[in-house]
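Undergrad: In this text, residue positions in the sequence shown follow my numbering: the first is 1, and each later residue adds one.
Before I ask anything, here is the structure I am working with.
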Amino acid sequence: MASSPLTNAASAALATTVKQSGTVASAGWRLAADQGKKATEWAVANPGTAVAVGVGGLGGVMVAAPMMAAAPVLGAFGFGANGIAVGSVAAGVQSGIGSVVAPGAFATIQSAAAGGYGVAAVSTAVQGMGGVIAGSAAAFSLLKKTGNNEEENVAATKDEKEPLPSSASQEVDLHETVANGGAGKAKL
Numbered sequence: 001m002a003s004s005p006l007t008n009a010a011s012a013a014l015a016t017t018v019k020q021s022g023t024v025a026s027a028g029w030r031l032a033a034d035q036g037k038k039a040t041e042w043a044v045a046n047p048g049t050a051v052a053v054g055v056g057g058l059g060g061v062m063v064a065a066p067m068m069a070a071a072p073v074l075g076a077f078g079f080g081a082n083g084i085a086v087g088s089v090a091a092g093v094q095s096g097i098g099s100v101v102a103p104g105a106f107a108t109i110q111s112a113a114a115g116g117y118g119v120a121a122v123s124t125a126v127q128g129m130g131g132v133i134a135g136s137a138a139a140f141s142l143l144k145k146t147g148n149n150e151e152e153n154v155a156a157t158k159d160e161k162e163p164l165p166s167s168a169s170q171e172v173d174l175h176e177t178v179a180n181g182g183a184g185k186a187k188l
């Protein structure tokens, strides 16, 4: 197939645009790589918090967009928009059930995968699980922070309870506004 002059002009314009935006795009990729490296370093330094953030994010997605979270899982088991996939887990379960009735759990899940009446039931279940997951992650994060603060408080209390060194010749600098008329040093 021969290329037309219009196609050649469009290709040239596209090539020019790509060359001009190449530096912007490469700068964007460098920035993304730098931020990714920083995020990885933070996650390595704070593994518990990183897991809590990730799990909490998953729970948040499950609450905000339940079918976006459920559709891939349903598809992995063989529930699809066009019915049960041949040779899937869902096909095996359906062959074991025999006759599937409409208000049953299997029919409701298949209906959800096909965008039917089951969407409401599956969405509600996924949102409930997402709320539990997000709440658990938040509780873990709060308990971890509370635990760290208690450890810091214990360390601070130990420092406060240590007696000051007793030395008769120890001198303390005083400010000029001290009531003794500004005598610069006092003995303890």
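By construction, the Cβ of each residue, glycine as well, lies at the ideal position given by its N, Cα and C atoms.
Keep in mind that this is a model prediction, so the values were computed, not measured.
#1: Residues in its own chain within less than 7 angstroms of V101 by CB, not counting five upstream and five downstream?
#2: Apart from the five residues on each side of it in sequence, which residues of its chain come closer than 8 angstroms, Cβ to Cβ, to R30?
#3: In whole angstroms, what separates the C-alpha of T40 from that of G78?
#4: Counting C-beta neighbours from all protein chains within 10 Å, is the total for M225 16 or more, i.e. buried, or is it exposed?
#5: Could you tell me the distance, in whole angstroms, from the CA atom of Q94 to the CA atom of A45?
#6: Going by other Cβ atoms of all chains shown within 10 Å of its Cβ, with 16 needed for buried, is L143 buried or exposed?
#7: Suppose you measure from the CA of N149 to the CA of V55; what does that come to, to the nearest Å?
#8: At a cut-off of 7 angstroms, would you count G128 as near the ligand GDP, judging by its Cβ distance to the nearest heavy atom?
#9: Along the chain, where does the alpha helix (DSSP H) that runs through P103 open and close?
#10: Tell me whether the stretch 110-130 and the stretch 62-74 touch, counting them as touching only if at least three CB pairs, one residue from each stretch, are closer than 8 angstroms.
#11: By the three-class DSSP mapping on this structure, what secondary structure does A125 have?
#12: Once DSSP output is grouped into helix, strand and coil, what is the label at G193?
TA: Looking at the atomic coordinates:
#1: In the same chain as V101, and ignoring 5 residues on each side of it, the C-beta atoms closer than 7 angstroms to its own belong to A107, in chain order.
#2: Within the same chain, R30 has no close Cβ partners at all.
#3: Each residue's Cα considered, the two are about 35 angstroms apart.
#4: Absent from the model: residue 225. The displayed extent of the chain is 1 to 188, so no value can be given.
#5: Per the coordinates, the alpha-carbon of Q94 lies some 48 angstroms from the alpha-carbon of A45.
#6: Label assigned to L143: exposed.
#7: At N149 the pLDDT is 49, less than 50, meaning the model places this residue with poor confidence; the figure from the coordinates comes in the next sentence. In a straight line, the C-alpha of N149 is about 23 angstroms away from that of V55.
#8: You won't find the ligand GDP in this model; it holds no ligand whatsoever.
#9: Careful: P103 lies outside any alpha helix (DSSP H) and carries neither H nor E.
#10: Touching, yes, given that three or more Cβ pairs across the two stretches are closer than 8 angstroms.
#11: In the structure shown, the three-state DSSP call for A125 is helix.
#12: The structure shown does not extend to residue 193, since the chain spans only 1 to 188, so no value can be given for it.
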